[in-house]
Amino acid sequence: MRRFSPTDRAKARIRREVWSRLERLEIATTPRPCYGKIPNFVGSLNAARKITRLAAFREARVIYSTPDLPQKPIREEALRRGKVVVTALPRLNGYLLLDPAEIPRDMVSYATTVRGSLKMGRRVPVLEDVKVDLVVLGSVAAGRDGARLGKGDGRYDLEYALLRELNVIDESTPVATTIHDVQLVDGIPMERHDVPADYVATPKELIVAEGRYEKPPGVFWELLTIDEIKASPILRRLFGIPEPA
-9 MRRFSPTDRA KARIRREVWS RLERLEIATT PRPCYGKIPN FVGSLNAARK
41 ITRLAAFREA RVIYSTPDLP QKPIREEALR RGKVVVTALP RLNGYLLLDP
91 AEIPRDMVSY ATTVRGSLKM GRRVPVLEDV KVDLVVLGSV AAGRDGARLG
141 KGDGRYDLEY ALLRELNVID ESTPVATTIH DVQLVDGIPM ERHDVPADYV
191 ATPKELIVAE GRYEKPPGVF WELLTIDEIK ASPILRRLFG IPEPA
């Protein structure tokens, strides 16, 4: 059984406080309650627009995004501007490529939902001959220094690490997130596998982080159990476990 460290407990406390604040102030929007989720929030569109105005977004040809609702406007705008959007399949069972050339414009909104992306995206087992120009991650909390927290399962940190392992991004690839202003938190503890953000957008402001934290260079395999590795075809492939006959 995994033991929780003081850092784990501090992160869990911050998440609880943020989720509680969003619910108490009725800032969280559907789906509610927001506990245990990347929360959608009032003003998410305004926050997303701050990201889509960045040069990093305008110049990107391929954008990787987690499938969360607050970042949906970013995925939509990317497709409308002719950019390819990449997301991971559930259980890291491969990737979905949303190609604007293959999606009717009146279906863009649907294609950027979880269900729509599964129906309209092109499935690939692994990313090859792809260069991702911008990474967009959902967050429960973030700081002005670029520190950020996901929902606690480590999924998005692992997704980022896999992109590094597959050489489709590098240290210079910008990472962006959107949150509500009440999700801005000081003193988020960061560990070596945690992914910081270069840009944190809220409904009120765009924060350009100071680059205090290094981005993970890849997967820290010692932090994964063999069962976790076996559960994902991508992890199995990179770790060198043969596919079952």
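Taking the numbering used here, I'd label the letters of the sequence shown as residues -9 to 235. In this text, a Cβ means the ideal position worked out from N, Cα and C, and glycines have one as well.
Partner residues in the beta bridge of Leu87, as assigned by DSSP, are Val76, Arg112. Residues of the same chain with a CB within less than 6 Å of the CB of Phe229, apart from the 5 flanking positions on each side, are Ile219 in chain order. Membership of Ile64 in the alpha helix (DSSP H) is indicated by the continuous run 62 to 70.
In the structure shown, Ala131 falls within a strand segment according to DSSP collapsed to helix, strand and coil. Relative to Tyr54, the option among Val76, Arg105, Val104 whose CA is nearest is Val76. Partner residues in the beta bridge of Arg138, as assigned by DSSP, are Ala132.
Excluding sequence positions up to five before and after Arg112, its CB lies within less than 6 Å of the CB of Leu87, all in the same chain and listed in chain order. Every beta strand (DSSP E) of 3 residues or more that sits fully in the stretch 11 to 68 is shown, in chain order, as 52 to 55. Here the C-alpha atom of Val122 lies approximately 8 Å from the C-alpha atom of Thr163. For Ala101, the uninterrupted alpha helix (DSSP H) segment begins and ends at 98 to 101. When the beta-carbon positions are compared, Ala45 and Gln61 stay at least 9 Å from each other. Between Ser222 and Asn83, the beta carbon gap of about 7 Å places them in contact (Cβ cut-off 8 Å).
Here the alpha carbon of Arg227 sits roughly 15 Å from the alpha carbon of Leu148. Going by C-alpha positions, Arg51 is about 5 Å away from Lys73. Where Ala151 is concerned, the enclosing alpha helix (DSSP H) starts and stops at 145 to 155. Using a Cβ distance threshold of 9 Å, Val190 and Ala132 count as a contacting pair. When Cβ pairs closer than 8 Å are counted between the two stretches, the stretch 25 to 42 is seen not to touch the stretch 203 to 217, the count staying below three.
Annotated three-state conformation of Ile197 is strand, per DSSP. Between Asp135 and Pro186, the C-beta gap is smaller than 9 Å, which places the two residues in contact. Secondary structure note for Leu225: its alpha helix (DSSP H) is the uninterrupted segment 223 to 229.
For Ala191, the enclosing beta strand (DSSP E) has its first and last residue at 189 to 191.
Leaving aside the five residues that flank Trp211 on each side, the residues in its chain whose CB is nearer than 8 Å to its CB run, in chain order, Ile219, Phe229. Setting aside the 5 residues that flank it on each side, Thr102 is surrounded in the same chain by Lys62, Arg65, Glu66, Leu69, Val75, Leu88, each with a C-beta closer than 8 Å to its C-beta; the list follows chain order. Taking 9 Å as the cut-off, the Cβ atoms of His170 and Leu213 do not count as close.
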